[in-house]
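According to mature numbering (1 follows the signal peptide of the UniProt record, and there is no 0), the residues represented by the sequence shown are -17 to -1, 1 to 480, in order.
Each residue gets a CB set at the ideal place from its N, CA and C atoms; glycine is no exception.
Since we're looking at a predicted model, the values are computed, not measured.
To keep things clear, I will list the structure first and then write my remarks on it.
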Amino acid sequence: MTWGALLLATSLTPAWAQDDTAVTIVLNEEVDVLEPCMATRSNIGRVILGNVNETLTELDVRGDGGLMPRLAESWEQREDGSWRFNLRQGVTFSDGTAFDAQDVKHSFDRVFDPTITCESARYFGGMTVTANVVDDHTIDFVVDPVQPILPLLLSLVTIVPAETPIEFVRDPVGTGPYAVTEWSPGQQIVLTRRDGYWGAAPAVTQATYVVRTDPAVRAAMVEAGEADIAPTISQDDATNPATDFPYLNSETVYLRLDASQAPVSDIRVRRAINMAIDREAFIGTLVPQDALLATAIYPPTTQGWNPDVPVPAYDPEGAKALLEEARADGVAVDTPITILARTANFPNVTEVMEAIQQMMQEAGFTVELQMVEVAEHEVYYSKPYPTDRGAYIIAAMHDNRMGDPSFSAYFKYHSEGRQSGISDPKADDLITRASAATGEERAQLWSELQAYVHDEVAADVLLFHMVGFARVAESIDWTPTIATNSQLQLSEIGFRN
């Protein structure tokens, strides 16, 4: 631990000086909003998802329980393809009001209201879903086309009271075991365990979240007793087997290409970008040794994964030849392209992007690099895209821990997808058919889509399936999971004697 890291860490009350049932968690980037319908975004979900706001269902990532009840006690698909959910009774929100089916309907309708842009809406692309209240504790969902995995999709819709306005809120109200008791932007967020929670009382009574963008500082804070958990540290800092834990990470690092803008609109240019990058060179250097080279936007554990899709070969000379061919046909291949990447998105992100910039320049591209904060990155990442943006590539991480490509495919590759860079009728058709299919047919269609967007469309530059590292104080009984990048439930934390 460096002196600089130690000095930066000492701006907090030491963890050992706090209540012995309170924890301090140090995150890698600022939380810009605490809006429940944005909880599927990693920096927000780590704080409120499952802690303040709950969902009808949840996926068991620590065991083999599969899809589990949360605010819904049970569900069934009816003969007409609709789904009926039976809601948990005796549940109250943190403001004291009772939870019922009207809250579920409002929460769902709010996600899709056109006057606000909710992150969780993207998972329901290409379908029409209507929530119908049957009684106080029963609600039906009618889906067109029929969705066999709707209960899994609903694990991403957070529930808020029916009185919640159709606008982003600063003080979220939820049914979870904690309430937000302080939010000082740029300083800290505090969650406090509340009375009246329907489930078992968690061991943690209070959690304080702070942000340090330097992974070495985050690791140093836990080592010095200034924090209890750092969910994201670098491999270089993960040196203590007693406190440092590797974990399977559901995040995929990639470059999103916009096929509607020149020169990226030419498929030869998109293929040249893929050929210009030496992915292998990053493994074990700037990227953890156990990271996998990506050939899909979701990890290999996902249904329909196609093992026959190859990693693009590193071929800078071939990339130059493609650019020359495109230039001869009048494509403006010398147009400057800006790589936009999020600051502190993952350890060594700046160094990784600088290396990619250099590789692309050596292959003949004119490339600039711009590191931006979360809010500015989102302007370019999601539609409507800026019309005066010039040529740019978005560097991003995408999280799919749900085991099905539907949590990625529509909004990443469909013509109407919120973060799609392509408009391709065949891709649209494959996504539509796969989303409605079941069993082997579903897996086969997703497998076909993976090969098509990768090999024939060159829709993006897939880089790495990441491995994460967390540092946990020895006094804390908690280990990370595949969900840790997007969710950290305080109820899963215990204390060692």
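Verify whether the separation of the beta carbon atoms of residue i and residue j is less than 7 Å.
i, j, result
"Leu238", "Val444", "yes"
"Trp181", "Gly73", "yes"
"Phe82", "Ala277", "no"
"Glu41", "Met51", "yes"
"Gly109", "Thr415", "yes"
"Arg176", "Ser77", "no"
"Val314", "Asp249", "yes"
"Leu306", "Gly373", "no"
"His381", "Val292", "no"
"Ala228", "Ala453", "Note on identity: in this sequence residue 228 is Phe, with Ala being the wrong assignment. In this structure, Ala453 lies closer than 7 Å to Phe228 by Cβ."
"Ile266", "Lys395", "no"
"Val44", "Ile465", "yes"
"Glu102", "Thr23", "yes"
"Pro155", "Ile31", "yes"
"Pro246", "Thr158", "no"
"Pro290", "Val143", "no"
"Ala456", "Val205", "yes"
"Pro185", "Pro160", "yes"
"Arg310", "His360", "no"
"Glu345", "Pro299", "yes"
"Ala190", "Leu473", "yes"
"Ser65", "Asp119", "no"
"Gly287", "Ala84", "no"
"Glu351", "Thr321", "yes"
"residue 520", "Arg71", "Residue 520 cannot be examined here, being either before or after the span of the chain that is shown, -17 to 480."
"Ser391", "Asn383", "yes"
Consult DSSP for residue i and reduce its assignment to one of helix, strand or coil.
i, result
"Ile122", "strand"
"Ala225", "coil"
"Ser65", "coil"
"His397", "coil"
"Asp407", "coil"
"Phe82", "coil"
"Asn11", "coil"
"Asn383", "coil"
"Ile30", "Residue identity differs from the one stated: residue 30 is Val in this sequence, not Ile. In this structure, Val30 counts as helix in the three-state DSSP scheme."
"Asp412", "helix"
"Trp(-15)", "Confidence at Trp(-15) is low in this model, with a pLDDT of 32, below 50, so the placement of that residue is unreliable and no value is reported for it."
"Val362", "helix"
"Ala466", "coil"
"Pro293", "coil"
"Thr(-8)", "Unreliable placement is indicated for Thr(-8), whose pLDDT of 31 sits below 50; the coordinate value is still reported in the next sentence. Thr(-8): coil per DSSP, three-state reduction."
"Pro198", "helix"
"Gln286", "coil"
"Ser90", "helix"
"Gly477", "strand"
"Arg425", "helix"
"Gly48", "coil"
"Ser430", "helix"
"Gly301", "helix"
"Glu439", "helix"
"Ser233", "strand"
"Leu205", "Before going further, note that residue 205 is Val rather than Leu in the sequence given. Note: Val205 maps to helix in three-state DSSP."
Does residue i pass the burial test, meaning 16 or more other C-beta atoms within 10 Å, or should it be called exposed?
i, result
"Val362", "exposed"
"Asn468", "buried"
"Lys409", "exposed"
"Pro198", "buried"
"Gln272", "exposed"
"Glu209", "buried"
"Gly404", "buried"
"Asn480", "exposed"
"Arg61", "exposed"
"Thr235", "buried"
"Asp387", "buried"
"Pro179", "In the sequence under discussion, the amino acid at residue 179 is Gly, which differs from the Pro named in the question. It counts as exposed."
"Asp211", "buried"
"Arg153", "exposed"
"Asp411", "buried"
"Glu37", "buried"
"Gly451", "buried"
"Ile149", "exposed"
Can a CB atom of chain B be found closer than 7 Å to the CB of residue i?
i, result
"Asn480", "You won't find chain B in this structure, because it holds only one protein chain."
Flag this pair as touching only if the segment 354 to 367 and the segment 400 to 416 have three or more C-beta atom pairs under 8 Å; answer yes or no.
-> yes
Entirely within the segment 240 to 282 and at least 3 residues each: give me those beta strand (DSSP E) ranges in chain order.
-> none
Validate contact between the segment 218 to 231 and the segment 332 to 349 using beta carbons, cut 8 Å, 3 pairs | no
Cβ contact (3+ pairs, closer than 8 Å) linking the segment 460 to 474 and the segment 428 to 444 | no
Unbroken stretches of the alpha helix (DSSP H), 4 residues or longer, contained in the segment 306 to 353 | Those alpha helix (DSSP H) runs which fall completely within the segment 306 to 353 and span 4+ residues are 332 to 345.
Validate contact between the segment 81 to 95 and the segment 3 to 16 using beta carbons, cut 8 Å, 3 pairs | no
Unbroken alpha helix (DSSP H) runs of length 4 or more, entirely within the segment 99 to 179: which are they?
-> Complete alpha helix (DSSP H) runs here, min 4: 133 to 136.
Answer yes if the segment 185 to 198 comes into contact with the segment 97 to 116, meaning at least three C-beta pairs across the two stretches below 8 Å, and no otherwise.
-> no
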